[in-house]
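Residue numbers (the numbering used here): 114 to 483.
Glycine included, each C-beta is placed from N, C-alpha and C at the ideal position.
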C-alpha cells in the first residue's frame, strides 16, 4: 500500500484546521511538531509528531500514533525503545547529503519500522540504493517530495517505489492530488470475466493501430480493447513466438482506430487519440494492472476481423482487430488464442462496465452502442 503523508509543520492554526477539515481517507498521515493542536481529522489519518528530543516526545506521546525523531537520536532511542513503543510507533528522519548519511539511511530502513528520508539531490539513485538495501524487510520508507510530479516518480522507483511520500502542500488542491495519486497506485486492478464468442466476421480493409510502449509485457498481459464502452476484450501483446519474425514484447497490435482502450482504472481513450507519452493500462489475466507509457503509435491500413462476444449477464462486446493469425487475444488461465482461429463458443477474457462515457469518463445517461 502506498502511503500519503502531509507535512503541516509550517502551517498556522487557521490554515492547519482548514486543511485538516478537508482531508479524506486518501490521506494516511499528517506530520506536525509537538506544539501543534490536536488534529481534527478522521480516524484513518495517523498523527505523526516530529519531535526534537526524548523530553519533547513525552509531551505528545499520548496523542501521537508515530513519534518521528531526527536520526541523531537513533542510538539513544533504540537502546530504550520500550519507553516509547508501548504508546506509539517510532520513526527516524534523515537528510541524505552524502555517502555517510546514505549508509545511515540504509541501516535505519533495514532495522526500523519507519524511515522518513529527504534526499538533497534530484537524482533518484540514492533512493534506489535504500530500497534495494531494505528489500524483504518489514520497514516502511517514506520519501520527502517537493511536488506531485516528483511523488509520481518516487512511487515508481525500482518498479515498486517508495512505500509512501511526504509533501508540504501549498493548499487543499495539493493535498487532494497527493491522496488521489496514492489511491490510484493502490487500486490498479480491473475486474475480468469470461466472454463467449458469438460471431466472427471478415469485414474488409481499414486502419488499425499498434500500441508500441516503453515497457515489455508479460506473457499473460495485454490491453483491454473494444468497440463499445460497455465491454472490452483482453488483446495480447506480441510476447509469444512467431515463425517468421522476432517477438516484440513491447507491442500490442490493438485494433481498429475507432476502438476504446482502457487507459486508467476509470477512464478510456480512443486508439486514434493516443500518441507518444500517453499512458495506458496493462492488464494481466488475474486483473492486476499497471500504467505503461506509450512510446509510439503505428497506424496502417490492414484487413480487419470483427469479433463479437457476450458476457454471462448478456452484455454484448465487440472488438475489431487486424485479420491475421499473428494477432492474439487471451482466454481463461492465460490461454493464447489466435484471432483467425476463433469460432463461436470459444471463451475469452474481457471486462464489462455500465454503458455510457463522455470524453472517456463514465457518465450516467442513456447510451446505445451497436
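- With a 10 Å radius around the Cβ and a threshold of 16 neighbouring Cβ atoms, residue 438 comes out exposed.
- The segment 297 to 311 and the segment 458 to 466 touch, with three or more beta-carbon pairs separated by less than 8 angstroms.
- In the same chain as residue 457, and ignoring 5 residues on each side of it, the C-beta atoms closer than 6 angstroms to its own belong to 310 and 311, in chain order.
- Separation of the CB atoms of residue 415 and residue 321 is rounded to 5 angstroms, and the pair is thereby assigned contact status at 8 angstroms.
- Bridge partners of residue 464 according to DSSP: 345.
- A residue is called buried once 16 or more other Cβ atoms fall within 10 Å of its Cβ, and residue 283, having fewer, is exposed.
- Shown here, residue 250 sits in coil according to DSSP, grouped into three states, outside any helix or strand.
- In this structure, the alpha-carbon of residue 164 lies about 39 angstroms from that of residue 302.
- Taken atom to atom, the span from the alpha-carbon of residue 451 to that of residue 399 is near 20 angstroms.
- When 181, 159, 294 and 176 are compared, the shortest CA-CA separation from residue 166 is found for 181.
- Boundaries for residue 416: no alpha helix (DSSP H) harbours it, while the beta strand (DSSP E) harbouring it runs 402 to 424, taken from the DSSP string.
- Within the same chain, 439 come within 8 angstroms of residue 355 by CB-CB distance, once the 5 residues on both sides are set aside.
- Note on residue 236: under 16 other CB atoms within 10 angstroms of its CB, so exposed under the neighbour-count rule.
- Residue 224 carries a helical assignment under DSSP once its states are collapsed to helix, strand and coil.
- Per DSSP, the unbroken alpha helix (DSSP H) holding residue 293 starts and ends at 285 to 299.
- Per DSSP, the continuous beta strand (DSSP E) segment holding residue 383 begins and ends at 380 to 383.
- Only exposed fits residue 390, as fewer than 16 other CB atoms lie within 10 angstroms of its CB.
- A straight-line Cα-Cα distance of about 21 angstroms links residue 364 and residue 431.
- Pairing residue 234 with residue 212, the inter-Cα distance amounts to about 12 angstroms.
- Here residue 185 carries a helix assignment [DSSP, helix/strand/coil].
- The closest CA to that of residue 410, considering only 179, 422, 402 and 388, is found on 388.
- Apart from the 5 residues on each side of it in sequence, residue 328 sits with its Cβ closer than 6 angstroms to the Cβ of 405 in its chain, given in chain order.
- In this chain, residue 167 is not harboured by any beta strand (DSSP E); it is covered by the alpha helix (DSSP H) spanning 167 to 171.
- As for any beta strand (DSSP E) of minimum length 3 sitting wholly inside the segment 310 to 397, the runs are 334 to 341, 344 to 349, 364 to 369, 373 to 377, 380 to 383 and 392 to 397, ordered along the chain.
- For residue 267, the enclosing alpha helix (DSSP H) has its first and last residue at 261 to 267.
- The Cβ atoms of residue 220 and residue 202 lie no closer than 9 angstroms to each other.
- Distance from the CA atom of residue 436 to the CA atom of residue 423, rounded to whole angstroms, is 20 angstroms.
- Membership of residue 439 in any beta strand (DSSP E) is not indicated, and neither H nor E is assigned to it by DSSP.
- Approximately 55 angstroms separates the beta-carbon atoms of residue 118 and residue 318; this is outside 8 angstroms, ruling out the contact.
- Each residue's CA atom was taken as its position, placing residue 238 and residue 223 some 17 angstroms apart.
- The three-state reading of DSSP puts residue 447 in helix, counting H, G and I together.
- Per DSSP, the continuous beta strand (DSSP E) segment holding residue 161 begins and ends at 159 to 164.
- Within the DSSP bridge table, the entry for residue 209 names 232 as partners.
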